[in-house]
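**Student:** Sharing a structure below in structure tokens format, with a few things to ask.
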Amino acid sequence: MTAGTPIPRWRVTLDGRDLTGTLRPRLIGLSVTSCRRETADQLDIRLTDHDGQLAIPPRGATLHVWLGWDSTGLVDMGTFTVDEVEHSGTPDELTLVARSAHLKSSLRGQREQSWHDTTVAAIVDELAGRNNLTPRCHPSLRDQAVDHIDQTSESDINFLTRLGLRYDAVATIKAGALIFAPIGQGTTAGGKPIPAATIGRASGDRHRWHAAERGAYSGVRGRYEDKGRGHTGDVLVGNDDGQGVKVLRTIYASKSNAMRAARSEYRRLQRGVSSFEITLARGRPELYPETHVSVRGFKPDIDVTDWLIKSAKHHVNESGLTTELELETKPLHVDKAPEKSE
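Throughout, the numbering used here is defined as the position within the sequence shown, counted from one, plus 188.
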């Protein structure tokens with residue numbers, strides 16, 4: 189490399205023991221992939237075992253990874269549990285796949301339970317407790333009322349994902365915590381703002397933008413039947429302007445539940461309007477899902493869009509450190525969308 193060229197740095201420990209020096213001359217490639225939903229973050233490491241001297245780590249071992257540059261320092265990418273190990277040849281290689289969350293049997297087992305007159309936080313706290321996880325429910329969701337919901341022949345992780353759809357929220361498990369947080373607010377699970385990022389065209393060597401038809405749905409309609417009051421009705425989020433309104437199949441038990449579901453689906457549809465993928469020639473390991481992004485130097489339709497990171501993959505090898513980002517449209521704040529009851 190020429191003088192002044194940034195040099196990628198990385199560090200790996202195994203159960204607390206620093207292996208960076210041992211792995212560096214053997215590294216073929218290392219990548220960390222972060223996704224937003226219930227999918228755990230994933231670490232992939234490929235190593236050359238040309239001399240047969242590499243020991244195979246046990247499944248269940250803990251790997252801790254940092255990525256960065258000599259000029260800016262290392263970014264903590266988190267801890268990962270080794271799930272898969274593969275040895276292949278020739279030439280001999282060792283491949284490790286590790287994930288940020290180990291889905292315990294208690295999370296995968298089917299359960300039967302009903303909740304009445306409770307809150308999102310109470311449900312998250314209970315499910316975290318019975319799976320020995322730390323509950324981390326976003327402040328904006330903690331006091332959201334849940335009139336009634338059933339978990340019927342369903343695993344805890346699937347039930348949480350379905351609960352998340354009601355509130356357009358993420359249900360995921362990372363670093364021993366059960367996280368339940370809204371999509372698109374640009375905050376951590378604790379409610380702290382995530383710093384926004386700007387990406388210029390000069391930062392990337394490949395990109396792809398795709399736009400769907402904006403008029404597919406102009407609004408979302410939810411229906412409800414309040415048996416206690418003997419009343420049925422509809423709610424609408426968005427507009428019924430002849431372009432098409434999506435009608436939710438579920439009949440909700442109250443007007444508030446129908447409105448909440450319609451808002452969540454309206455936000456989800458907005459995020460699907462357009463997508464943008466870009467590979468950064470100089471990787472930025474500090475970028476992760478839910479970060480708000482502005483891009484510059486592309487077409488006006490691309491630059492004017494407010495973007496949200498959906499997934500990020502950071503890859504390091506002998507050629508350098510790169511970052512692949514998948515972005516989606518940041519949804520309009522739902523409070524600004526027209527709403528009405530019928």
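Here a beta-carbon is modelled for each residue, glycine too, at the ideal position from N, C-alpha and C.
Going by C-alpha to C-alpha distance, which of Leu207, Asp280 and Gln230 sits closest to His238?
**Tutor:** Measuring from the Cα of His238, the nearest candidate turns out to be Asp280.
**Student:** Nearest-angstrom Cα distance between Ile371 and Arg247?
**Tutor:** When rounded, the distance between both Cα atoms is 33 Å.
**Student:** Please confirm whether Gly374 and Ala365 have their CB atoms less than 9 Å apart.
**Tutor:** no
**Student:** Tell me where the alpha helix (DSSP H) around Lys443 begins and ends.
**Tutor:** From DSSP, the alpha helix (DSSP H) with Lys443 extends over Lys443 to Arg459.
**Student:** Enumerate in chain order the residues of its own chain whose CB-to-CB distance from Arg254 is below 7 Å, with the five nearest sequence positions on each side excluded.
**Tutor:** In the sequence on display, residue 254 carries Trp and not Arg. The residues are Trp198, Arg199, Leu262, Val263, Asp264 and Met265.
**Student:** Going by DSSP in three states, Asp356 sits in which element: helix, strand or coil?
**Tutor:** coil
**Student:** In the segment 376-417, which residue ranges form an unbroken beta strand (DSSP E) of at least 3 residues, counting only runs that do not cross its ends?
**Tutor:** 385-388, 392-399 and 407-414
**Student:** Can you tell me whether Asp491 is buried or exposed? The criterion is at least 16 other CB atoms within 10 Å of its CB, across all chains shown.
**Tutor:** exposed
**Student:** Quick one: what does DSSP say Val481 is sitting in, helix, strand or coil?
**Tutor:** strand
**Student:** Report, in whole angstroms, the separation of the C-beta atoms of Arg389 and Gly485, which I expect to be a contact under 8 Å.
**Tutor:** 3 Å
**Student:** Considering only the beta carbon of each residue, do His336 and Asp305 sit closer than 9 Å?
**Tutor:** yes
**Student:** Would you say Glu465 and Glu413 are within 9 Å of each other, going by their C-beta atoms?
**Tutor:** no
**Student:** Relative to the C-alpha of Ile244, which candidate in Ser328, Leu457 and Leu211 has its C-alpha closest?
**Tutor:** Taking only the C-alpha atoms, the option nearest Ile244 is Leu211.
**Student:** Who pairs with Asn505 in a beta bridge, going by DSSP?
**Tutor:** Gly508
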